[in-house]
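S.K.: Have a look at this one before I ask anything.
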Amino acid sequence: MLILYAVLLVAALFAPLLVYPVFLMKILCFSLFAVAFNLVLGYVGLLSFGSAAFLATGGYTTGYLLTSYSTLTPEIAIVAGTLVATALGLVFGLLAIRRQGIYFAMITLALAQLVFFFFVQAPFTHGENGLHGIPRGELLGLIDLQDNMNMYYFVLAVFIAGFALVQRMIHSPYGQVLKAIKENEARAISLGYHVDRYKLLAFVVASGLAGLAGSVKVLVFQLASLNDAHWQMSGEVILMTLLGGVGTLFGPVVGATFVVSLEHELSQGALGDWVNVILGGIFIVCVLAFRAGIVGELQKWLKKKRQ
């Protein structure tokens, strides 16, 4: 596994020499978003339709701070956006975490729609026009993030930190409890675990990571828009996770890479208006043909081969 991590790290370090850095940064931002979502769905078994609210909250908070306070450095604005998204996740969690299944999903969707309409009406978001011209600034007052290469390596570092946090969580005793709760919540309760607390913590951490992804994303594109808060964004991250492999570490990354790349290619061709239809068809095929996702099916195949 360490060899795999090393190979992927080397590939990521040299990738901007071959591929447009902004496109790579988009993949990294959505990969972090999907990894955060997978923490809740893949390891706790909670299907949330409100993930877009945290992505947008982090983005709008960071964008507003950077456009309103010229002396503010980007790392402070990103931390602020992450903290606000984390706080919103705590509110969502306290309201929804005691519910399960479709009830949890519908509560998170309803709360996310409230956040969406707040962003539509709030004067600081500029409504449908969004926040434009968000300055990237200088990281720690030293590194010019206006340079795409500098910005790429910063985004890469943020992604690695978020990925490492999730990886550490799921391989810790806490992560084992989360898996037990997903497999048999009643048994976990009988063993004395306060399952709601465990689920709430995972939900809050995932919300914070989604907010971090949104904060970095607005810095990359220098734009915060309502697209990030729309329910369709919540559906898109579900597609990324299911396509890559729910409950796998690299599944969300693979799924996000595939979806972002496919959207990019289709938008430049004659099928640009059919992007959502094609993604919907891929989702149906994924659910019917390989429920474990790309990485999940690959792991199954390798496991059979070893036997």
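What the sequence shown shows, in the working numbering, is residues 11 to 317, in sequence order. We put the beta carbon where it would ideally sit given N, CA and C, even for glycine. Just so you know, these numbers come straight off a predicted model, no measurement behind them.
Between the C-alpha atoms of leucine 229 and threonine 77, what's the straight-line distance to the nearest angstrom?
M.R.: Taking the straight line from one Cα to the other gives about 11 Å.
S.K.: Compare the Cα-Cα distances from glycine 10 to each of Arg178, Gly306, Val269, Glu275 and report the closest residue.
M.R.: The displayed coordinates of the chain run from 11 to 317. Any statement about residue 10 would go beyond what the structure contains.
S.K.: So what does DSSP say about histidine 142, is it helix, strand or coil?
M.R.: In this structure, DSSP gives histidine 142 an extended state, which the three-state scheme calls strand.
S.K.: Should the stretch 185-195 be called in touch with the stretch 61-81, which here means at least 3 C-beta pairs below 8 Å?
M.R.: Not touching, per the Cβ criterion.
S.K.: For methionine 161 versus methionine 243, is the C-beta spacing smaller than 8 Å?
M.R.: no
S.K.: With DSSP collapsed to three states, give me the class of aspartate 7.
M.R.: Nothing can be reported for residue 7: it is not among the residues displayed for the chain, which extend from 11 to 317.
S.K.: If I follow the unbroken alpha helix (DSSP H) through leucine 106, where does it start and stop?
M.R.: Note that residue 106 is alanine in the sequence shown, not leucine. Segment 84-106, the alpha helix (DSSP H) holding alanine 106.
S.K.: What does DSSP give as the partner residue(s) for leucine 149 in the beta ladder?
M.R.: Ile153
S.K.: With a threshold of 7 Å on Cβ separation, who are the neighbours of glutamine 177 within its own chain once the five nearest residues in sequence on each side are excluded?
M.R.: Leu259
S.K.: Could you check what DSSP says for leucine 124 in three-state terms: helix, strand or coil?
M.R.: Reduced to three states, the DSSP call for leucine 124 is helix.
S.K.: Out of curiosity, what's the CA-to-CA distance linking phenylalanine 127 and alanine 21?
M.R.: One C-alpha to the other measures close to 41 Å.
S.K.: Please state if the CB of glycine 91 and the CB of serine 225 are separated by a distance shorter than 8 Å.
M.R.: yes
S.K.: Over the uninterrupted alpha helix (DSSP H) stretch that includes valine 269, give me the two end residues.
M.R.: 261-277
S.K.: Looking only at its own chain, which residues have a Cβ that is under 8 Å from the Cβ of tyrosine 30, when we skip the five neighbours before and after it?
M.R.: none
S.K.: Determine the direct distance from the alpha carbon of valine 45 to that of alanine 223, and round the result to whole angstroms.
M.R.: 10 Å
S.K.: When DSSP labels each residue in this structure, what does leucine 201 get in the three-state scheme?
M.R.: coil
S.K.: Using DSSP's beta-bridge definition, name the partner residues of alanine 234.
M.R.: Bridge partners of alanine 234: Leu141.
S.K.: So, using beta-carbon positions, are glycine 73 and alanine 171 closer together than 8 Å?
M.R.: no
S.K.: Helix, strand or coil for tyrosine 79? Go by DSSP, reduced to three states.
M.R.: In the three-state scheme derived from DSSP, where H, G and I count as helix and E and B as strand, tyrosine 79 is classed as coil.
S.K.: Does the beta-carbon distance from alanine 266 to serine 41 come in below 8 Å?
M.R.: yes
S.K.: Can you look up glutamine 242 in the DSSP assignment and give me helix, strand or coil?
M.R.: helix
S.K.: Find the nearest neighbour of glycine 255 within the set Asn48, Cys39, Leu93, Tyr15, judged by alpha-carbon distance.
M.R.: Asn48
S.K.: Label threonine 251 either buried or exposed according to how many other C-beta atoms from any shown protein chain fall within 10 Å of its C-beta, with 16 as the threshold for buried.
M.R.: Here threonine 251 is buried. Its C-beta has 16 or more other C-beta atoms within 10 Å.
S.K.: Express the C-alpha separation of phenylalanine 43 and leucine 219 in angstroms, rounding to a whole number.
M.R.: Each residue's Cα considered, the two are about 7 Å apart.
S.K.: Mind reading off the beta-carbon distance from glutamate 4 to leucine 19? Whole number of angstroms is fine, and I expect it under 8 Å.
M.R.: In the structure displayed, the chain extends from 11 to 317; residue 4 sits before or after that span and is not available.
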